[in-house]
Amino acid sequence: MYQDFKEEYIKKYGVPSNSYEFFLDPYKLGDGYELQAIKLEKGYYSTYWYLDLGIISIKIKALSNYTGWIMLTYEDAAGFSIKTKEKEQMISNDI
């Protein structure tokens, strides 16, 4: 499913800005333990498009007690700008 979404988004938005698809030892693609690796944060599937209107991301996520899921995120540029300013203000207030 992840690859299907990624291919469709590439058709629509072009080459991704960043893409991370890898496993950490002892896990590897094709070993049958990919979901376990993702649950243990030893497997990563994330792709991002940084566009003028905002950021789009596709990720495979999982919690230790649940099956995995595909997460699609859309963050508009205006909302991202507000979030960044609020975060900077919070950090400034804590210093």
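In terms of the working numbering, the sequence shown opens at residue 1148 and continues consecutively. Backbone N, C-alpha and C define an ideal beta-carbon position, used for all residues, glycine too.
Give a yes or no on contact between the segment 1192-1206 and the segment 1220-1238, applying the rule of three or more CB pairs nearer than 8 Å. yes
Quickly, what does DSSP pair F1170 with across the bridge? List them, please. The partner list for F1170 (beta bridge, DSSP) reads G1190.
Cutoff 8 Å; reference A1209; Cβ partners in own chain excluding five residues on either side: L1182, I1185, K1186, G1215 and W1216
Among the residues of its own chain, which have a CB less than 7 Å from the CB of F1169, if the five just before and after it don't count? Y1191.
If you run the structure through DSSP and keep just helix, strand and coil, what is N1212? For N1212, the secondary structure class from DSSP, reduced to helix, strand or coil, is coil.
Per the DSSP calculation, E1233 is bridged to which residue(s)? According to DSSP, which records beta bridges pairwise, E1233 is partnered with nothing at all.
Counting along the chain, where does the alpha helix (DSSP H) carrying D1151 start and finish? D1151 -> alpha helix (DSSP H) spans Y1149 to Y1160.
Looking at Y1195: is its Cβ nearer than 8 Å to the Cβ of N1240? no
C-beta contact flag for Y1167 and Y1174 at 8 Å: Not a contact, by the Cβ cut-off of 8 Å.
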